[in-house]
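There are 2 protein chains.
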Amino acid sequence: MIIALAGGVGGAKLANGLAAIMPPDKLLIVVNTGDDFEHLGLAISPDLDTVMYTLAGRANPELGWGLAGETWNFMAALELVGGETWFRLGDRDLATHLERTNRLGHGEALSDVTAHLCRRFGVAHHVAPMSDDPVRTLVHTRDGVLAFQDYFVRRRCEPMVTSIEFSGAATAKPTKAFTEALDSPELEAIVICPSNPLLSIGPILALPGVRARLASLPIPRIAVSPIIQGKAIRGPAAKMMRELGKEPSAVTVAEMYGDVVNAMVIEESDHAQMRNLTNLGLAGLPAHTVMKNPADQHQLAGTVLQFAQTLRVALDTV
Amino acid sequence: MIIALAGGVGGAKLANGLAAIMPPDKLLIVVNTGDDFEHLGLAISPDLDTVMYTLAGRANPELGWGLAGETWNFMAALELVGGETWFRLGDRDLATHLERTNRLGHGEALSDVTAHLCRRFGVAHHVAPMSDDPVRTLVHTRDGVLAFQDYFVRRRCEPMVTSIEFSGAATAKPTKAFTEALDSPELEAIVICPSNPLLSIGPILALPGVRARLASLPIPRIAVSPIIQGKAIRGPAAKMMRELGKEPSAVTVAEMYGDVVNAMVIEESDHAQMRNLTNLGLAGLPAHTVMKNPADQHQLAGTVLQFAQTLRVALDTV
Numbered sequence: 002m003i004i005a006l007a008g009g010v011g012g013a014k015l016a017n018g019l020a021a022i023m024p025p026d027k028l029l030i031v032v033n034t035g036d037d038f039e040h041l042g043l044a045i046s047p048d049l050d051t052v053m054y055t056l057a058g059r060a061n062p063e064l065g066w067g068l069a070g071e072t073w074n075f076m077a078a079l080e081l082v083g084g085e086t087w088f089r090l091g092d093r094d095l096a097t098h099l100e101r102t103n104r105l106g107h108g109e110a111l112s113d114v115t116a117h118l119c120r121r122f123g124v125a126h127h128v129a130p131m132s133d134d135p136v137r138t139l140v141h142t143r144d145g146v147l148a149f150q151d152y153f154v155r156r157r158c159e160p161m162v163t164s165i166e167f168s169g170a171a172t173a174k175p176t177k178a179f180t181e182a183l184d185s186p187e188l189e190a191i192v193i194c195p196s197n198p199l200l201s202i203g204p205i206l207a208l209p210g211v212r213a214r215l216a217s218l219p220i221p222r223i224a225v226s227p228i229i230q231g232k233a234i235r236g237p238a239a240k241m242m243r244e245l246g247k248e249p250s251a252v253t254v255a256e257m258y259g260d261v262v263n264a265m266v267i268e269e270s271d272h273a274q275m276r277n278l279t280n281l282g283l284a285g286l287p288a289h290t291v292m293k294n295p296a297d298q299h300q301l302a303g304t305v306l307q308f309a310q311t312l313r314v315a316l317d318t319v
Numbered sequence: 002m003i004i005a006l007a008g009g010v011g012g013a014k015l016a017n018g019l020a021a022i023m024p025p026d027k028l029l030i031v032v033n034t035g036d037d038f039e040h041l042g043l044a045i046s047p048d049l050d051t052v053m054y055t056l057a058g059r060a061n062p063e064l065g066w067g068l069a070g071e072t073w074n075f076m077a078a079l080e081l082v083g084g085e086t087w088f089r090l091g092d093r094d095l096a097t098h099l100e101r102t103n104r105l106g107h108g109e110a111l112s113d114v115t116a117h118l119c120r121r122f123g124v125a126h127h128v129a130p131m132s133d134d135p136v137r138t139l140v141h142t143r144d145g146v147l148a149f150q151d152y153f154v155r156r157r158c159e160p161m162v163t164s165i166e167f168s169g170a171a172t173a174k175p176t177k178a179f180t181e182a183l184d185s186p187e188l189e190a191i192v193i194c195p196s197n198p199l200l201s202i203g204p205i206l207a208l209p210g211v212r213a214r215l216a217s218l219p220i221p222r223i224a225v226s227p228i229i230q231g232k233a234i235r236g237p238a239a240k241m242m243r244e245l246g247k248e249p250s251a252v253t254v255a256e257m258y259g260d261v262v263n264a265m266v267i268e269e270s271d272h273a274q275m276r277n278l279t280n281l282g283l284a285g286l287p288a289h290t291v292m293k294n295p296a297d298q299h300q301l302a303g304t305v306l307q308f309a310q311t312l313r314v315a316l317d318t319v
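Chains as they are written, first to last, in the working numbering: chain R, 2 to 319; chain X, 2 to 319.
So, in structure tokens, the structure goes:
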């Protein structure tokens, strides 16, 4: 059994590749909820939805969020009545948020709501929020402290970041699915998908006990670098790293994860970084990590699983 | 200045006719909120919206509720995720409910929210809820007590009615706009639009002091009968009257209003009921009351205003 940690688009793509080649009961996808927020009275979970829509084959490839073939009549009408329109909500996507909000309001845990929504979207694999307790990413910037979506959507990641805070993380419990999988004797590998280490994986690792528990596992713990040739495929990861005084690179990602990981998959063109990974005591594997289509996702998932298998043998031998 | 009391479709049509021939500062449209309810976490005010959309020229003529040219992608998506779909919410209509809910949640009064929405929809005339306090119509039936929309939409008015309750009405205050207009020396007439006397006008008259205040006004107080030839144009008014042991007729409507009204406009084909109206001490006017288009609305509004003018002269002479 494998746990994949995922955030937004890149994470969802590798999770989708893993789901395509693994049986549902052998994969748990643990998703960041630090991006979650309340907007217009709705409980919005951007990363959970991105993973769910991607696994359902319903994700919007142009936008990188929301549903394919979406319409925007609600949004146009909301603008007419003077509502807040900086966070765009499609007519169909809105149903997900409203149903989630309604169920949470009736006392259901986010885990249960997520399981319900996944069932309805035909997602067979287990997608679990990292926690049922609210964790809210706050981005400290030169322009002040910004709620995540304020920074990410409204301010388009423009303000210069000074630090990142995961409000609520210190007292949030990892979900039952997550802790049970971490404690399972069946657990064979951890895969950290190519998501933003600061914003998408950071909140998961900030949950009490998670970082230590991961570091203690005598199994392959493989991160796929979201940084390729010093850049992120999408999103502010590279920009944020620079603002925080770090050179954006696969090695920097590895350093951020520290003892959480014992192996890294990096892009082939970053081959020169292999030596630095070795110096950090990490196993490294250059591979084709850019996922432009489902075939790329399957291929990378296969590469990662193969790498895990190889590492497992090596770990068992040691 | 004139106060029009209105509920759903028929009320909205006459209110629209009045708005078409009266300046904005001379007409206050007071709307039933007994049909209001919370659904999927949204504050829904069906009659306020029907009046607002009608005055904005945006009402859906086929449905009798909601917006013209509406789309239903949200609803289809909500069905997919297993949400409640018995109450249909269009993609554009939803923006009205969400913005209302959001503003009420921030402490705005329903009056203010209504004024805001009307401004945004380009409605120049003053549309006011009957009260800012919640009043909820409960329909007591042979099948038990049903919340209004449960009875009206989900059960399609099928259960046999035994009585009607306006929960909250005893302690709800009429809105400031309503009480100020009732007390204004400028007030020249009351028009009760052809809405369901039991469900649409009943809640307004159930507010503390309203019935007595109306009955005391030395001005024309004219109801337009929603019952024509023993039938309602739409809705359950006639069926409910029968179930409550009353013969559906313009005279029965007049009896329900009692001393609130001193005049009735009835359909020409109900001319035979004029004698009964006279016996009740009411002035009667047979007229063309079926409103199939805006021209009908303007014509009926003109007829009612002309009737009010005639009655005012007569009242002043007495």
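Using N, Cα and C, we set each Cβ at its ideal position, and we do this for glycine too.
Here the structure is a predicted model, which means the values were calculated and not measured.
CB contact check: residue i to chain R, cutoff 9 Å
i	result
ARG89/X	no
THR72/X	yes
LEU1/X	The displayed coordinates of chain X run from 2 to 319. Any statement about residue 1/X would go beyond what the structure contains.
LEU81/X	yes
ASN197/X	no
Counterpart residues of residue i in DSSP-defined beta bridges
i	result
GLU256/R	Looking at the DSSP assignment, GLU256/R forms no beta bridge with any residue, so it has no partner.
ALA284/X	ALA264/X
LYS232/X	ILE229/X
ARG155/X	The partner list for ARG155/X (beta bridge, DSSP) is empty, contrary to what the question assumes.
PRO130/X	VAL32/X
ILE4/R	LEU29/R, ILE191/R
ARG89/R	None, per the DSSP bridge assignment.
ARG222/X	ILE191/X
ALA238/X	According to DSSP, which records beta bridges pairwise, ALA238/X is partnered with nothing at all.
LEU278/X	Answer is none; LEU278/X lacks a bridge partner.
Pair within 9 Å by beta-carbon distance, residue i and residue j
i	j	result
VAL31/X	ALA178/X	yes
ALA69/R	ARG59/R	yes
TRP66/X	ASP50/X	yes
THR138/R	MET161/R	no
THR102/R	GLY9/R	no
VAL291/R	ILE229/R	yes
SER164/X	LEU245/X	yes
GLY18/X	HIS299/X	yes
ALA190/R	LEU312/R	yes
SER46/X	LEU111/X	yes
ASP48/X	ASN33/X	yes
Anticipated Cβ contact below 8 Å, residue i with residue j, distance rounded
i	j	result
PHE88/X	VAL154/X	6 Å
ASP144/X	GLY169/X	About 23 Å; that fails the 8 Å criterion.
GLY1/X	CYS158/X	Because chain X is modelled from 2 through 319, residue 1/X falls outside the range shown and cannot be assessed.
GLY278/X	ALA238/X	Rather than Gly, the amino acid found at residue 278/X in this sequence is Leu. No, LEU278/X and ALA238/X are not in contact; Cβ-Cβ is about 18 Å, not under 8 Å.
LEU208/R	ALA173/R	6 Å
VAL254/R	VAL305/R	Contact flag wrong, Cβ pair sits at about 15 Å.
LEU56/X	ALA16/X	7 Å
LEU29/R	ALA129/R	6 Å
ASP271/R	ALA251/R	5 Å
PHE38/X	PHE75/R	At roughly 20 Å, the Cβ-Cβ gap does not stay under 8 Å, so PHE38/X and PHE75/R are not in contact.
Short CB-CB distance (under 9 Å) between residue i and chain X
i	result
ASN61/R	no
MET336/R	No information on residue 336/R is available, as it lies outside the stretch 2 to 319 that chain R covers here.
ARG121/R	yes
HIS126/R	no
ALA109/R	Reading off the sequence, residue 109/R comes out as Glu, not Ala. Chain X, which has no Cβ nearer than 9 Å to the Cβ of GLU109/R, makes this no.
ARG340/R	Outside the displayed range of chain R (2 to 319) lies residue 340/R, so it cannot be described from this structure.
ARG93/R	yes
VAL32/R	no
LEU56/R	no
GLY84/R	yes
N-terminal and C-terminal residue of the beta strand (DSSP E) that residue i is part of
i	result
PHE38/R	38-40
GLY145/R	145-148
PHE167/X	162-168
LEU43/X	43-45
First through last residue of the alpha helix (DSSP H) which encompasses residue i
i	result
LEU333/R	Examination of residue 333/R is not possible in this model, given that chain R is present from 2 through 319 alone.
VAL305/X	295-318
THR138/X	Looking at the DSSP string, THR138/X is not in any alpha helix (DSSP H); the run it does join, the beta strand (DSSP E), is 137-142.
VAL10/R	10-22
THR172/X	Unbroken run through THR172/X: none, as it is neither H nor E.
ALA77/R	74-81
GLY58/X	Unbroken run through GLY58/X: none, as it is neither H nor E.
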